[in-house]
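Peer 1:
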Amino acid sequence: MKYLRLGFLALAFFLVALLSGCTRVSTDKGSTDNTKSVTISDKKQEYSINAEIPKDWKENKKIDAQAITAFSSPTSKDDPSQVNIIFKRFDFASGEADMTIDQYVDNVTLGKEKAPGYRMLFRTPSIIAEFSAITLAHQETVDSATLQFRQTFIKTAKAWFEVTMTGNSDGITKYKQVYNDFIKSVVVK
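What the sequence shown shows, in mature numbering (1 follows the signal peptide of the UniProt record, and there is no 0), is residues -19 to -1, 1 to 170, in sequence order.
#1: Is the CB-CB distance between Q132 and S150 below 8 Å?
#2: Rounded to the nearest angstrom, what separates I115 and D59 at their Cα positions?
#3: Is the closest heavy atom of the ligand ADP to the C-beta of I49 under 7 Å?
#4: Out of curiosity, what's the CA-to-CA distance linking E77 and S57?
#5: In chain order, what residues of the same chain lie with their CB nearer than 7 Å to the CB of L102, ignoring the 5 residues before and after it?
#6: Here's the rule I'm using: 16 or more other beta-carbon atoms within 10 Å means buried, otherwise exposed. How should T16 be labelled?
#7: Under 6 Å Cβ to Cβ from D72, same chain only, skipping five residues before and after it: list those, please.
#8: Alpha carbon to alpha carbon, what distance is there between I66 and A48?
#9: Going straight from the alpha carbon of V89 to that of A74, what length do you get?
#10: Kindly list the residues whose CB is nearer than 6 Å to the CB of P55, restricted to its own chain and excluding five residues on each side of it in sequence; keep chain order.
#11: Use the C-beta contact count for G11: other C-beta atoms within 10 angstroms, 16 or more gives buried, fewer gives exposed.
#12: Does DSSP classify S150 as helix, strand or coil?
Structure follows, in structure tokens:
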């Protein structure tokens, strides 16, 4: 009888544990509820890039003359600073098709380290959408104002792509994951 009570007690404990696990509701709706899919392409259909960006970010194609498109973070009275993610494409110049991604980034950043107020924070190689890429972060201080940049350079078979996040250090810190998620979601066709 003693073992039967222990068996029932163990069974009751197991059922309580099982049922409490089964009735638990997950409140994580996933990133897709808060993001929208965007397609960036040209009229000639030479490229098409799909990526994910938060729904509350606004597209701004006129932010930079070289930009294909850009996305700006929301602002408020409490947080007026804005972060931008700018997307650019560059056709290969003479000799660039044979360059490695390292050579290209070295060429693009040549001399910047000598500029007053410039500081390199990091440089990391990666693969994005099956293409070689490098992400670097740097900051520039001009007239006591500091801007930070995260730039990802991607080499495809036909062109260079540059995805840059700009903002003050607080904004970059706040939206770093948005940028990382955007970069991870990039699909080049």
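The beta carbon of each residue, even a glycine, is placed where N, CA and C say it ideally should be.
Peer 2: Working from what's here:
#1: The residue you call residue 132 lines up with position 151 of the sequence shown. The residue you call residue 150 lines up with position 169 of the sequence shown. No, Cβ-Cβ distance for Q132 and S150 is not below 8 Å.
#2: The count along the sequence shown starts at 1 and reaches residue 115 at position 134. The count along the sequence shown starts at 1 and reaches residue 59 at position 78. Each residue's Cα considered, the two are about 34 Å apart.
#3: The ligand content of the structure shown is nil, which means the ligand ADP is not present either.
#4: In the sequence shown, the residue the question calls residue 77 occupies position 96. In the sequence shown, the residue the question calls residue 57 occupies position 76. Their Cα atoms are separated by approximately 43 Å.
#5: As a first step, residue 102 must be located in the sequence shown, where it is residue number 121. For L102, where only same-chain residues beyond five positions count, the Cβ hits under 7 Å are A118, H119 and Q120.
#6: Your numbering for residue 16 matches position 35 in the sequence shown. So T16 counts as buried.
#7: Taking the first residue of the sequence shown as position 1, residue 72 is located at position 91. Result list for D72: A140, in chain order.
#8: Walking along the sequence shown from the start, residue 48 turns up at place 67. Walking along the sequence shown from the start, residue 66 turns up at place 85. Distance between the alpha carbons of A48 and I66: 10 Å.
#9: Here residue 89 refers to the residue found at position 108 of the sequence shown. Here residue 74 refers to the residue found at position 93 of the sequence shown. Distance between the alpha carbons of V89 and A74: 12 Å.
#10: Along the sequence shown, one-based indexing puts residue 55 at 74. Taken in chain order, the residues that qualify are D37.
#11: Taking the sequence shown and counting its residues from 1, one reaches residue 11 at position 30. A caution first: G11 carries a pLDDT of 38, below 50, which makes its placement in the model too unreliable to give a value.
#12: Numbered from 1 along the sequence shown, position 169 holds the residue referred to as residue 150. S150: helix per DSSP, three-state reduction.
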